[in-house]
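Down below is the structure, laid out as structure tokens.
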Amino acid sequence: MSLLEARDLHVEFASRGRRARAVDGVDLTVGEGEIVALVGESGCGKTTLARTLLGLERPASGTVRYGGAPLAYSTRALKAYRREVQLVPQDPTGSLNPRHTVYEAVAEGPRIHGLPGERERVASALSRAGLRPPERFFPLYPHELSGGQRQRVVIAGALALDPGVLVADEPVASLDASVRGEILALLLRLRAELGLSALVVTHDLGLAWNIADRVAVMYLGRIVESGPVEQVLSAPSHPYTQALLSVLPESPAPVVLGGEPPDPTRIPGGCRFHPRCQVLAGGLAAGAGVDGRCRSQPPAILPAAAGSRVACHFAEASRAPA
Amino acid sequence: MTAPETAPETAPGARPEAPGRLLELRDVAVTYRSTAGDVPAVRGVSLELAEGEALGIAGESGSGKSTLAMAVLRLLPRSARVGGEILLGGEDVLTMTWGRLRAVRWASASVVFQGAQHALNPVRRVGAQIAEPLLVHGLADPAGARTRVAELLEQVGLPAWRARSHPHELSGGQRQRVMIAMALACSPRLIIADEPTTALDVMIQAQVLALIRSLIADRGIGLVMISHDLSVLAATCDRLAVMYAGRVVETGPSREVFTGARHPYGRALAGAFPTVGDRASRLAPRGLGGDPPDPARLPGGCSFHPRCPEALPSCSWREVELWPAGGGSARTSGGPAVAHTAACVHVLPDPEAMPGPGGGAADPVARPAKESA
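The listed protein sequences correspond, in order, to chains A and B.
Take the first sequence: its letter number 34 is residue 34 in our numbering, and every next letter is one higher.
Take the second sequence: its letter number 34 is residue 356 in our numbering, and every next letter is one higher.
See the structure below:
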């Protein structure tokens with residue numbers, strides 16, 4: 001069952017007098033009790049996509065659906081929606097008010113939504129986030145907590161609203177190495193205990209391997225490959241996914257792509273990855289007779305269907321029976 | 323240490339018997355004095371680095387790894403008290419005069435700071451910032467500096483016209499390259515890189531690491547690289563030292579420490595960044611309970627014992643020094659073998675056999691029978 005869904009989503013910004021197509025046609029679903037990792041480099045549009053799914057940006061076209069119903073952008077509808085789909089931000093230190101106690105921080109959401117039983121709600125959220133006994137943490141200020149504990153407070157703030165989905169943007173990027181695993185284990189435990197779904201936005205493929213069921217790889221506003229984590233990360237089909245995996249520290253043969261990720265105000269024609277594509281540059285695409293299409297014909301938008309999908313002419317040609 | 327009376331151009335106490343030894347730390351301790359009392363950030367670290375060698379220092383916040391690195395060039399705040407010896411090319415940095423220290427900074431050893439966006443001056447063009455150490459050290463006139471800046475930018479893979487850019491016009495990876503160009507400007511023998519790729523994407527990280535590796539290989543520069551990511555260090559450095567609570571708790575050849583750590587903390591750090599494709603870590607993130615200790619309130623005994631999954635009762639009062647942990651390998655340059663050591667009770671020949679607190683042991687520190695030279 002799909003819980004949170006993007007359908008043919010486009011999000012645009014004006015950038016230095018030009019139109020930046022930050023999200024340029026994305027279909028994506030997060031099923032009930034599913035953890036999906038959205039991976040890509042900075043500037044690929046993954047954070048914009050996440051913000052649009054949270055109702056923080058309005059799409060230029062396409063729809064965001066939750067539980068099958070399209071998201072309405074009235075103030076009242078958005079307020080109700082934000083109870084269901086909660087953000088876990090990247091930097092817990094920046095997102096907690098230094099002058100609010102842990103109790104105040106976690107109680108803020110329930111107060112805004114007028115939920116009953118505030119004290120019990122805060123206590124139960126803190127203890128589900130692994131801060132036990134919760135009463136001991138009530139009076140503490142953020143500076144009295146460690147980085148891992150602060151991230152747990154932020155997660156408790158989201159849990160206090162009984163959401164259906166967490167959208168976590170680089171949830172462990174600012175944490176110490178030894179604490180990362182504990183926070184990731186917490187996300188897995190919340191899924192097991194509460195059936196909570198999550199979309200985890202990250203540039204870290206190891207993180208996707210650690211906790212996600214499915215992964216979607218984003219490049220310049222599009223999902224270029226998606227599917228079950230084992231399949232996509234063990235046997236990647238898209239040259240971009242292959243390159244990303246090849247530059248991990250332990251990898252034997254790194255394919256370092258030239259240049260920085262390109263500019264969403266100047267999306268190349270044809271396959272948007274073709275100017276950096278190592279398969280095209282190495283002549284393999286020409287060998288398969290698809291190099292013309294790589295340069296001129298954009299691959300179709302990947303449907304948000306089960307199974308593994310790839311938006312690449314070369315991969316399609318090599319997969320099809322000869 | 324007392325400063326020598328005369329400000330010498332030649333090194334006081336230079337050690338010509340160890341010519342290939344670029345950097346040597348002997349029992350270095352750094353304590354920050356604060357109103358709340360003394361905070362020991364680094365507690366007795368001994369390390370050495372040969373020319374052309376890369377040493378990775380791993381640890382998390384509060385481990386003292388950045389404090390240790392900044393101590394090498396005396397870049398610490400006034401509240402820091404530094405003890406021990408820091409020999410740079412045989413000369414003790416801690417007893418240098420300010421004039422000598424100014425000459426050594428950038429020219430003999432330079433630092434690539436963490437977070438290039440904050441370390442660069444936002445209102446000056448990057449070319450002028452790269453040229454600054456050259457001009458300050460009198461190594462070039464303004465025209466010569468311009469040529470050298472163009473050369474340096476090219477070496478780090480940026481077009482020469484980028485010299486006219488301001489930092490905000492560059493991407494994160496480009497800014498980090500500018501920082502590296504700046505560190506290379508005066509052709510130092512030693513580069514200290516503090517989390518040089520932490521804020522970067524994987525692809526850009528791979529580019530910057532490849533650049534750093536080629537610089538070490540081509541010019542025989544010594545590198546001390548600091549990171550919390552053991553996998554990045556293992557891929558770049560010959561040797562690793564893992565720090566926890568101000569001490570080195572494990573050291574040895576990179577591959578060996580990364581894949582076969584003997585200290586439980588070394589193992590946890592190696593497991594924190596999983597290898598994609600490794601079945602054991604699939605849907606099983608590995609971490610440690612608890613948090614890194616506050617340096618102002620270190621636990622007694624082995625400072626790792628409250629978080630240690632394998633602690634013995636004696637760990638709460640007894641601290642173990644670095645012991646041979648088996649393995650080790652010959653240095654590629656044909657130098658002395660690199661020992662694998664770990665400061666853990668479990669690498670002792672007989673962990674349980676040490677005398678107890680009432681057993682007449684005056685010194686609760688287990689030491690190897692012989693100092694490893």
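Glycine included, C-beta positions come from ideal geometry on N, C-alpha and C.
Everything numeric in this text was worked out from a predicted model, so none of it was measured.
DSSP on residue i, reduced to helix/strand/coil?
i	result
B/Ser553	helix
B/Phe580	helix
B/Ala462	coil
B/Trp645	strand
A/Ala235	coil
A/Pro142	helix
B/Met418	coil
A/Thr241	helix
A/Arg218	In the sequence as presented, Arg is not what sits at residue 218 of chain A; that position holds Met. A/Met218 falls in the strand class under three-state DSSP.
B/Pro586	helix
A/Ala212	coil
B/Glu517	coil
B/Gln529	helix
A/Ala288	coil
B/Gln436	coil
A/Gln90	coil
A/Gly109	helix
B/Val394	helix
A/Met1	coil
B/Tyr354	strand
B/Thr663	strand
A/Ser95	helix
Which residues in chain A have a C-beta closer than 7 angstroms to the C-beta of residue i? List them in chain order.
i	result
B/Gln529	Val256
B/Val598	Leu205, Gly206, Trp209, Leu233, Leu245, Leu248
Quick check: what's the CA-CA separation for residue i versus residue j?
i	j	result
B/Arg511	A/Leu196	54 angstroms
B/Arg535	A/Gly33	44 angstroms
B/Ser487	B/Asn443	12 angstroms
A/Arg189	A/Ser124	15 angstroms
B/Ala661	B/Arg577	13 angstroms
B/Thr597	B/Ala465	49 angstroms
A/Val153	B/Thr573	36 angstroms
B/Ala325	B/Gly405	Model confidence at B/Ala325 stands at a pLDDT of 42, short of 50, so the residue's coordinates are unreliable; what they give is reported in the following sentence. About 13 angstroms.
B/Ala503	B/Trp483	14 angstroms
A/Leu175	A/Asn210	16 angstroms
A/Ser237	A/Ala311	9 angstroms
A/Val200	A/Glu193	18 angstroms
A/Ser42	B/Ala602	29 angstroms
B/Ala539	B/Glu373	10 angstroms
A/Arg21	A/Pro133	47 angstroms
A/His10	A/Tyr73	16 angstroms
A/Leu205	A/Thr101	35 angstroms
A/Leu126	A/Ala105	11 angstroms
A/Ser286	A/Gly270	The sequence given here has Ala at residue 286 of chain A, not Ser. Their Cα atoms are separated by approximately 15 angstroms.
At a cut-off of 8 angstroms, would you count residue i as near the ligand SAH, judging by its Cβ distance to the nearest heavy atom?
i	result
A/Gly164	For the structure depicted, the ligand SAH is absent and the ligand set is empty, with no information on it obtainable.
Around the Cβ of residue i, are there at least 16 other Cβ atoms within 10 angstroms (buried) or fewer (exposed)?
i	result
B/Thr353	buried
A/Asn97	exposed
A/His313	buried
B/His550	buried
B/Ser655	Low confidence applies to B/Ser655: its pLDDT is 47, below 50, so where it sits in the model is not reliable, and the reading given next is rough at best. Exposed.
A/Gln297	exposed
A/Leu56	exposed
B/Glu491	exposed
A/His143	exposed
A/Gly289	exposed
B/Trp428	buried
Below 9 angstroms on C-beta distance, what does residue i contact in chain B?
i	result
A/Glu41	Asp523, Val524, Met525, Ile526
A/Leu188	Leu605, Ala606, Pro607
Along chain A, in chain order, which residues have C-beta atoms closer than 8 angstroms to that of residue i?
i	result
B/Gly568	Those within 8 angstroms of B/Gly568 in chain A number zero; the least Cβ separation is about 15 angstroms.
B/Leu591	Ala177, Ser178
B/Ala557	Pro249, Glu250
B/Asp540	Per Cβ cutoff of 8 angstroms: no residues; B/Asp540 is ~18 angstroms from chain A at best.
B/His627	Those do not exist, as B/His627 stays about 15 angstroms from chain A at its closest Cβ, beyond 8 angstroms.
B/Leu610	Ser178, Val179, Gly181, Glu182
Given a limit of 7 angstroms on CB to CB distance, which residues of the stretch 376-396 of chain B reach chain A? Cβ contacts with chain A: Glu382, Ser383.
Positions along the stretch 163-186 of chain A whose CB lies within less than 7 angstroms of some CB in chain B: When CB distances to chain B are screened at a threshold of 7 angstroms, the residues of the stretch 163-186 of chain A falling below it are Asp176, Ala177, Ser178, Val179, Arg180, Gly181, Glu182, Leu184, Ala185, in chain order.
In chain order, what residues of the stretch 340-368 of chain B put their CB closer than 9 angstroms to some CB of chain A? none
Proximal residues, the stretch 143-159 of chain A versus chain B, C-beta separation under 8 angstroms: Ser146, Gly147, Gly148, Gln149
Using a Cβ cut-off of 9 angstroms, which residues of the stretch 484-498 of chain B contact any Cβ in chain A, in chain order? Ser493, Gly494, Gly495, Gln496
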